[in-house]
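To start, the structure under review is shown below, and the notes come after it.
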Amino acid sequence: MNQLMKRNLRGVMKDPDRAVGTGCFLLYLYFILDFFLRFSARFSGYGRLRPTVLVFLIICGVLFINRENLKKRFDDPILKCALLLIGFIAVSLPLVEYPGSVVRNNLNNFVLAICFLFFTALIVDTDRRLRWFLFVFVGCQLVRILEPLYMNLTQGYWGGQTHLQGGVFADRLSGAPADVINANELGFVIVTVIPFIHYLLFPLGWKSKILYAGLMLAMLYALMLTMSRGALIALLVVVFMLFKESRHKLMLLGVAVTLAVVGWSLMTPVQQDRYISLIDRDTTGGASVDGRFMGMQAEFRLAMRRPIVGFGVGTTPEAKVNVMGYRQASHSLYAELLTEVGVIGMGIFLALLWQVYKRLIENRRRFRALHVAKDDLYTRLNTAMIATFWMYLVYSINYWGLSQYYWYLFAGLAVSFGRLLRLEDEKRQRLAAENEAPDQVESLKPRFPLAQRKAFKNP
Numbered sequence: 132m133n134q135l136m137k138r139n140l141r142g143v144m145k146d147p148d149r150a151v152g153t154g155c156f157l158l159y160l161y162f163i164l165d166f167f168l169r170f171s172a173r174f175s176g177y178g179r180l181r182p183t184v185l186v187f188l189i190i191c192g193v194l195f196i197n198r199e200n201l202k203k204r205f206d207d208p209i210l211k212c213a214l215l216l217i218g219f220i221a222v223s224l225p226l227v228e229y230p231g232s233v234v235r236n237n238l239n240n241f242v243l244a245i246c247f248l249f250f251t252a253l254i255v256d257t258d259r260r261l262r263w264f265l266f267v268f269v270g271c272q273l274v275r276i277l278e279p280l281y282m283n284l285t286q287g288y289w290g291g292q293t294h295l296q297g298g299v300f301a302d303r304l305s306g307a308p309a310d311v312i313n314a315n316e317l318g319f320v321i322v323t324v325i326p327f328i329h330y331l332l333f334p335l336g337w338k339s340k341i342l343y344a345g346l347m348l349a350m351l352y353a354l355m356l357t358m359s360r361g362a363l364i365a366l367l368v369v370v371f372m373l374f375k376e377s378r379h380k381l382m383l384l385g386v387a388v389t390l391a392v393v394g395w396s397l398m399t400p401v402q403q404d405r406y407i408s409l410i411d412r413d414t415t416g417g418a419s420v421d422g423r424f425m426g427m428q429a430e431f432r433l434a435m436r437r438p439i440v441g442f443g444v445g446t447t448p449e450a451k452v453n454v455m456g457y458r459q460a461s462h463s464l465y466a467e468l469l470t471e472v473g474v475i476g477m478g479i480f481l482a483l484l485w486q487v488y489k490r491l492i493e494n495r496r497r498f499r500a501l502h503v504a505k506d507d508l509y510t511r512l513n514t515a516m517i518a519t520f521w522m523y524l525v526y527s528i529n530y531w532g533l534s535q536y537y538w539y540l541f542a543g544l545a546v547s548f549g550r551l552l553r554l555e556d557e558k559r560q561r562l563a564a565e566n567e568a569p570d571q572v573e574s575l576k577p578r579f580p581l582a583q584r585k586a587f588k589n590p
């Protein structure tokens with residue numbers, strides 16, 4: 132037993148794909164669980180230990196100790212863009228409108244968000260780790276979706292409201308009491324999970340298909356209860372991407388129409404009115420749609436006051452108070468970028484997104500060149516990520532994100548996944564070269580070696 136453990140330990144130490152140990156990876160999984168499930172809000176006294184900060188510092192320390200093993204990974208264009216964004220924010224800090232507010236109130240949120248990019252890209256570096264990462268991440272989002280839905284069905288929980296005309300309010304399903312997400316953010320979480328569930332779970336056995344059907348129906352029902360119009364638009368983007376890649380388009384279209392009809396029949400008149408307001412401004416919810424567009428226009432006008440370097444990371448609400456007279460979070464990532472980091476920072480952030488998209492397209496080309504089957508895990512994951520990318524891109528029109536985790540975690544996953552795919556491709560090429568080498572050696576051997584030796588002895 133001891134000899135076996137020693138051999139396994141030597142194998143781990145010699146594995147070139149692993150830059151950090153298993154302990155660091157397990158800490159990162161715990162960090163993800165703690166971040167999304169909010170243990171501090173669920174367990175009394177837990178937050179006093181400041182475990183999130185402690186785990187964050189330990190992971191950073193481990194990565195710093197292993198910096199020589201990780202040095203080459205920073206040559207990745209996505210990581211270079213992320214480092215450039217951090218460098219720009221640091222250099223431009225004295226030039227922004229509210230540098231004190233950035234350091235005192237907002238910088239910690241940005242650091243916590245962007246750390247997901249580096250942690251995922253640097254720690255998730257083997258196939259097994261990638262599978263565990265996906266399982267934990269998607270599992271956390273499912274808990275965030277199913278928990279408030281269960282409370283709604285059993286206790287009448289809603290968690291949020293929306294204002295209608297005449298001082299009337301309508302209930303909307305938001306995150307669980309321990310969570311911090313409102314109805315729109317819950318809808319965003321639902322639409323984020325759908326591509327991963329569809330591509331990673333549905334192609335498996337019949338038991339997985341039954342689980343897939345149950346989860347999908349529950350998530351769509353929860354999405355209906357959120358009354359999130361932005362999430363509905365994002366869902367349409369995801370459905371279009373699924374339809375585009377599907378080999379059974381007619382069947383998928385029939386299922387989509389059936390679910391739409393059933394879902395519409397289950398909605399209350401208030402819910403129907405809110406979704407209709409996307410195309411009809413004369414409805415009760417039409418005024419809020421116009422207000423949302425007017426708010427976006429006001430944010431872009433605000434950004435033009437400091438167009439080069441912006442007001443500072445996380446200072447959109449403060450800038451609105453001082454310039455417009457009211458405090459409100461940003462309604463658009465693109466307006467938020469222009470407001471907080473200016474044209475230069477916005478260009479760097481969009482360059483990061485472009486590098487992520489290029490990586491996904493390169494992955495797809497590599498699959499086609501290698502004739503990898505469409506039901507292969509990596510192929511399915513890449514297809515899910517392309518659908519999620521376009522959904523994020525559209526939803527960001529209606530959602531902030533500079534100091535939110537979702538783009539950074541997605542970019543880190545693209546780095547990790549792309550690197551694993553490249554290593555797998557290199558291994559295949561190396562094995563192919565090794566298989567060809569013996570044949571080449573055999574072809575160089577003389578056909579009659581005995582006759583050749585005699586000829587050499589008797590010239």
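Sequential numbering of the sequence shown, starting at 132, is according to my numbering. Every residue gets a Cβ at the ideal spot worked out from N, C-alpha and C, and that includes glycine.
is_contact[residue i, chain B] using C-beta, thresh 7 angstroms
| i | result |
| --- | --- |
| F250 | Checking the listed chains, one finds no chain B in this structure; it contains a single protein chain. |
CB of residue i within 7 angstroms of CB of residue j, strictly
| i | j | result |
| --- | --- | --- |
| C271 | L168 | yes |
| L346 | I328 | yes |
| F264 | V255 | yes |
| S463 | M435 | no |
| G473 | V440 | yes |
| L160 | V267 | yes |
| N237 | V444 | yes |
| S527 | T251 | no |
| F162 | V186 | yes |
| E228 | R437 | yes |
| G291 | A307 | no |
| C471 | F442 | Before going further, note that residue 471 is Glu rather than Cys in the sequence given. Contact flag set, yes. |
| M516 | V368 | no |
| Y536 | A244 | yes |
| A545 | R511 | no |
| M477 | L484 | no |
Collapsed DSSP secondary structure at residue i in the structure displayed
| i | result |
| --- | --- |
| F424 | helix |
| A150 | coil |
| A301 | strand |
| G291 | strand |
| F156 | helix |
| D404 | helix |
| S175 | coil |
| V255 | coil |
| E278 | helix |
| Y530 | coil |
| I439 | coil |
| T470 | helix |
| S463 | coil |
| H329 | helix |
| T519 | helix |
| L210 | helix |
| Q535 | coil |
| S547 | helix |
Pairwise C-alpha distance: residue j and residue i
| i | j | result |
| --- | --- | --- |
| L331 | R262 | 10 angstroms |
| M372 | G231 | 43 angstroms |
| E493 | L554 | 14 angstroms |
| L226 | D404 | 46 angstroms |
| A482 | A213 | 9 angstroms |
| I196 | G178 | 28 angstroms |
| N566 | R499 | 23 angstroms |
| P208 | Q486 | 7 angstroms |
| D96 | F174 | The requested residue 96 does not occur in the structure, where the chain is confined to residues 132 to 590. |
| V322 | G287 | 23 angstroms |
| Q459 | N529 | 14 angstroms |
| A344 | L284 | 19 angstroms |
| L335 | S377 | 16 angstroms |
| D206 | L216 | 15 angstroms |
| N240 | A563 | 48 angstroms |
Nonlocal neighbours in the same chain, by C-beta distance under 6 angstroms from residue i, ignoring five residues either side
| i | result |
| --- | --- |
| E467 | T447, S461, W531, L533 |
| G318 | L354, T357, S359, A362 |
Same chain only: Cβ atoms within 7 angstroms of residue i, ignoring 5 sequence neighbours per side
| i | result |
| --- | --- |
| A390 | The identity of residue 390 in the sequence shown is Leu, whereas the question assumes Ala. Result list for L390: L351, in chain order. |
| V193 | V151, C155 |
| R497 | L552, D556 |
| D310 | R169, R275 |
| L277 | A349 |
Beta-carbon separation (whole angstroms), residue i vs residue j, contact threshold 8 angstroms
| i | j | result |
| --- | --- | --- |
| T519 | F541 | 7 angstroms |
| G549 | L248 | Wrong, their Cβ atoms sit about 13 angstroms apart, outside the cutoff. |
| L201 | L158 | Not quite, the Cβ-Cβ distance comes to about 16 angstroms (not below 8 angstroms), so this is no contact. |
| L383 | F374 | 6 angstroms |
| A349 | L280 | 6 angstroms |
| I479 | F219 | 6 angstroms |
Proximity test, residue i beta-carbon vs the ligand ADP heavy atom, cut-off 6 angstroms
| i | result |
| --- | --- |
| Y537 | This structure lacks the ligand ADP; in fact it carries no ligand of any kind. |
Cβ-based neighbour list, residue i, same chain, cut-off 8 angstroms, excluding 5 preceding and 5 following
| i | result |
| --- | --- |
| L397 | Y352, M355 |
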